[in-house]
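Residue numbers (my numbering): 11 to 240.
Right, here's the structure in full:
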């Protein structure tokens, strides 16, 4: 292993465990929501909108949680290196679940009754994030078909970061709760947007860090590239 590769690996080795930890947060919340939807208790005024869209919500929760947990292991360099077949098989789960999560999220954005603090800004952000996630997943799969493995990993990481926004948004809401700031349409939009922005910036930093160090993967990609590709 070259010094530059070792430095890059050491610099970003914390990313997959951190994302797995963040993925646990929305998974627990999603499990609670599924339990509520499966209950026979009559819905309250505040929860009635969830029961009205129960099938789509359940689809979104299951797909998003699966994508979050499986995707974290997909991002671990040690798993890819030591268990390439397992990485490939898990990809058949993670990628479709990511697409289902993004598409069901878009469907809910367009059809689900908004919450009391969901305004136009948050609506627009959800649309942008959902569309961006679908595009990034598609680009990642396209790169894989062309055996552009570094590009594949970069696009999948970007999509995963957006898909994991719910985990970071718990943290970006904490300052409002600690400071006892009233949750308004504006403050909620800022907190939600900050969660997606932080994840996107961290993902981009990781992508650029990995690109800056030559690896055996890049050499392999160059050798395997079809004639005429660079």
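Ideal Cβ placement from N, Cα and C applies to all residues, glycine included.
Practice problem: Report yes if the CB atom of residue 150 is closer than 9 angstroms to the CB atom of residue 171, and no otherwise. | Solution: In this structure, residue 171 does not lie closer than 9 angstroms to residue 150 by Cβ.
Quiz item: Where are the alpha helix (DSSP H) runs, 4 residues long or more, that stay fully inside the stretch 54-83, in chain order?
Solution: List check, alpha helix (DSSP H) in window: 58-62.
Quiz item: Looking only at C-alpha atoms, which of 105, 65, 213 sits nearest to residue 79?
Solution: That would be 105, whose Cα lies nearest to the Cα of residue 79.
Quiz item: What is the DSSP secondary structure of residue 90, counted as helix, strand or coil?
Solution: Residue 90: helix per DSSP, three-state reduction.
Quiz item: What do you get for residue 88, buried or exposed, if any count of 16 or more other CB atoms within 10 angstroms of its CB means buried?
Solution: It counts as exposed.
Self-check item: Straight-line Cα distance separating residue 213 from residue 60
Solution: Taking the straight line joining both Cα atoms gives about 32 angstroms.
Quiz prompt | the stretch 175-192 / the stretch 200-215 touching (three or more Cβ pairs under 8 angstroms) | solution = Segments in contact, yes.
Quiz item: Excluding five sequence neighbours on each side, which residues of the same chain lie with their C-beta closer than 7 angstroms to the C-beta of residue 177?
Solution: Taken in chain order, the residues that qualify are 32, 33, 35, 36.
Quiz item: Beta carbon of residue 92, beta carbon of residue 160: below 9 angstroms?
Solution: Here residue 92 is not near residue 160, since their CB atoms are 9 angstroms or more apart.
Quiz prompt | Beta-carbon proximity of residue 167 to residue 217, cut-off 9 angstroms | solution = The answer is yes: Cβ separation under 9 angstroms.
Quiz item: CA-CA distance, residue 164 and residue 57?
Solution: Distance between the alpha carbons of residue 164 and residue 57: 38 angstroms.
Quiz item: Once you ignore the five residues that flank residue 117 on each side, which residues in its own chain have a CB closer than 7 angstroms to its CB?
Solution: The residues are 66.
Quiz item: Whose CA, out of 181, 131, 109, 45, lies closest to the CA of residue 140?
Solution: For the set 181, 131, 109, 45, the Cα lying nearest the Cα of residue 140 is the one of 109.
Self-check item: Option in 29, 48, 196 with minimal Cα separation from residue 130
Solution: Taking only the C-alpha atoms, the option nearest residue 130 is 196.
Practice problem: With residue 152 as the anchor, note down where its alpha helix (DSSP H) starts and where it stops. | Solution: Note, residue 152: alpha helix (DSSP H), 130-155.
Quiz item: Beta carbon of residue 123, beta carbon of residue 39: below 9 angstroms?
Solution: Going by C-beta atoms, residue 123 is not nearer than 9 angstroms to residue 39.
Quiz item: So, helix, strand or coil for residue 49, using DSSP?
Solution: Assignment of residue 49 by DSSP, reduced to helix, strand and coil, places it in the coil class.
Quiz item: If you follow the alpha helix (DSSP H) that residue 177 is part of, which residue opens it and which one closes it?
Solution: Start and end: 175-188.
Practice problem: May I ask you to report which of helix, strand or coil DSSP gives residue 192? | Solution: Three-state DSSP puts residue 192 in coil, outside helix and strand.
Exercise. Would you kindly work out how many angstroms separate the C-alpha atoms of residue 28 and residue 148, rounded to a whole number?
Key: Taking the Cα positions, residue 28 is about 25 angstroms away from residue 148.
Exercise. State yes or no: is the C-beta of residue 72 within less than 9 angstroms of the C-beta of residue 99?
Key: In terms of Cβ geometry, residue 72 and residue 99 do not form a close pair [threshold 9 angstroms].
Self-check item: Helix, strand or coil at residue 13 according to DSSP, with G and I counted as helix
Solution: Unreliable positioning characterises residue 13 in this predicted model, as indicated by a pLDDT of 44, which lies under 50. A coordinate reading is not provided.
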